[in-house]
Each structure stands twice: as structure tokens, then as C-alpha cells.
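Trainee: What follows is a single structure, and I will ask about it in a moment.
Numbering (my numbering), first residue to last: 9 to 262.
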């Protein structure tokens, strides 16, 4: 495993043990498998407070036709309901809560986790296309005034297994491909093809619009000439735009 994040002031007095990581990540992977069996991108997660599950979720984008229903967002909604039921302040609970998730949170979800002030996130494989914890943008530790607190990441637990599940999903034809694509096209920045995969990555090819977003192309149509393959180092300004869109989306949801 790899521990990432600031050395000071984040999760120092609160950190999960190896046994806890093993236990809860096993359950998160069970949820990811359930997502795969139900035609969703195989991502599952758990929010753990005082050794209790207070929120859990798997991707529900295709099921709900809602591009924001990532596993983390579903779990955070459950956390809010749990706090309301118990009469506890969300911030007080989140200060001692760990997120266990099979894939690195995307930019949108990483921004939401900052706003909830979670101290630690444990995840499996990297999200090379949309990762918000260092793979594309480092929302987890970036200096972003008035956008919650930074959090520490523990990466790499059963990463190969998480990658294989993603490959399994993208190799099969997704009957709701357009719905999944809308998860990322909601930012007006990118379009994807769910019917192809890179040999070195479980994620589908990504294109960045050079101008303002327009309705995406379906997986069976040729990508427009005005698009080009996403090369993160070459489109720094678009990455910043993506971060802004992600944070704004989370503020709206909250």
C-alpha cells in the first residue's frame, strides 16, 4: 500500500489499522461485485465510524439515470441520514470516519469528501482518467480555501483485483453506455467510448472538447474532429476547470 497526503495535521491521531483496512475493504469489494452484476461500473465503498458502517454505496448511475450517483455520493447520503437519526453533528462524526472504496474517488467525489471533512480515504486502484486524489488532480491535499479540509489517502489495497473488475465491465457491452458517459459529460468537458479499452488502462479512451461542451457522441459514432485524446499534462487549464465543476457540483448537492 501507498500512503499519500500531507505529513502533518491530517489524520495523525486517527488512522485505521491493517486489520481494519483488510476487514472493511473486503466488504467494499463485495459491493463492487454487486455493482458489476447489476450492470454498473464496479465501485463499492463503506463509511466506518467507531467500527460501525454508517454509510455504504455502489455505483447507481445506470439504475437511477443520475450521473452523480457514484458510490461515494450514495454513501455520503446515508451518512447524513444516519447522523440525523442519531441526533449527531455531521462534522463531529466525519472527523472520526474512514472511507473505504475500491477505486480512487473521482474529482467530484474527492471534492465532496473534502467538504465533509473526512480525515482518511483508503482505496484500491488508481483512477487514471478521473482521479481526484492525485492521478489527475490532487483534490485531497491541494490548497483550496473554503472547500473543507485535506485528507490522507492509503492506496493500493487489492488494486489488481479492482482493475480486473473494471476491465470486465468495459469489455462487455454496456447497455446503458450513454448513461454512464453522462457521468463525465455532465461537466461539459469530456466524452468517452465504452466499447473500447486501452491495453494499459481499465478506463475507456477519453476526449476533451476544445470548446464549450456539446451533446456527446454515442459510443457507435466517430469522435468529432474537434476532439483530441486527453493528455493530462497538456491540458492543465482544463483540469482546473474540471476541478471547479466538480467542487461546484458537490456544493450544489450539499
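A virtual CB, placed ideally from N, CA and C, is assigned to each residue, including glycine.
Let me check understanding here. Comparing Cα to Cα, which of 42, 60, 55, 93 lies closest to residue 131?
Mentor: 55
Trainee: Report the residue from 37, 23, 22 whose alpha carbon sits nearest the alpha carbon of residue 165.
Mentor: 37
Trainee: Out of 79, 70, 50, which one is the CA nearest neighbour of residue 64?
Mentor: 79
Trainee: Report yes if the C-beta of residue 48 is less than 7 Å from at least one heavy atom of the ligand PLP; otherwise report no.
Mentor: Annotation note on the ligand PLP: not contained in the displayed structure, which lists no ligands.
Trainee: Under DSSP, the beta strand (DSSP E) around residue 60 begins and ends at which residues?
Mentor: 60–66
Trainee: Touch check for the stretch 141–153 and the stretch 169–183: three-plus C-beta pairs under 8 Å?
Mentor: no
Trainee: Hey, could you find the ends of the beta strand (DSSP E) residue 92 is sitting in?
Mentor: Looking at the DSSP string, residue 92 is not in any beta strand (DSSP E); the run it does join, the alpha helix (DSSP H), is 79–94.
Trainee: So residue 134 and residue 163 are in contact, right, with Cβ under 8 Å, and what is the actual spacing, rounded?
Mentor: 7 Å
Trainee: On a Cα-Cα basis, can you pick out the residue from 28, 72, 104 that is closest to residue 125?
Mentor: Between residue 125 and the set 28, 72, 104, the nearest pair of CA atoms involves 104.
Trainee: Quick one: Cα of residue 40 to Cα of residue 154, how far?
Mentor: 32 Å
Trainee: What are the start and end residues of the alpha helix (DSSP H) that includes residue 75?
Mentor: Here residue 75 belongs to no alpha helix (DSSP H), and DSSP marks it neither H nor E.
Trainee: Take residue 51 and list the residues in its own chain whose beta-carbon comes closer than 6 Å to its own, dropping the five residues that flank it on each side.
Mentor: 40, 67, 79, 110, 111
Trainee: Is it right to say residue 93 is buried, meaning 16 or more other beta carbons lie within 10 angstroms of its own, or is it exposed?
Mentor: exposed
Trainee: Compute the beta-carbon to beta-carbon distance between residue 74 and residue 47, rounded to the nearest angstrom, for a pair I have assumed lies under 8 Å.
Mentor: Incorrect: roughly 15 Å between the Cβ atoms, too far for contact.
Trainee: Going straight from the alpha carbon of residue 26 to that of residue 32, what length do you get?
Mentor: If you take the alpha carbons of residue 26 and residue 32, they lie about 10 Å apart.
Trainee: Residue 234: buried (16+ other C-beta within 10 angstroms of its C-beta) or exposed?
Mentor: The predicted model places residue 234 with a pLDDT of 39, which falls under 50 and marks its position as unreliable; any figure quoted below should be read in that light. It counts as exposed.
Trainee: Identify whether residue 29 lies in helix, strand or coil by the three-state DSSP scheme.
Mentor: helix
Trainee: Is it the case that the Cβ atoms of residue 107 and residue 53 are separated by a distance below 8 Å?
Mentor: yes
Trainee: Just the C-alpha distance for residue 101 and residue 160, rounded to the nearest angstrom, thanks.
Mentor: 17 Å
Trainee: Between residue 97 and residue 170, what straight-line distance do the alpha-carbon atoms span, to the nearest angstrom?
Mentor: Pairing residue 97 with residue 170, the inter-Cα distance amounts to about 33 Å.
Trainee: Does DSSP put residue 110 in a helix, a strand or coil?
Mentor: strand
Trainee: Using C-beta distances below 7 Å, list every residue in its chain close to residue 114, excluding the 5 sequence neighbours before and after it, in chain order.
Mentor: 78, 135, 138, 139, 140
Trainee: Do you know how far the Cα of residue 151 is from the Cα of residue 127?
Mentor: If I take the Cα positions, the gap works out to 15 Å.
Trainee: Run the CB neighbour count on residue 76, radius 10 Å, all protein chains shown included, and call it buried at 16 or more, exposed below.
Mentor: buried
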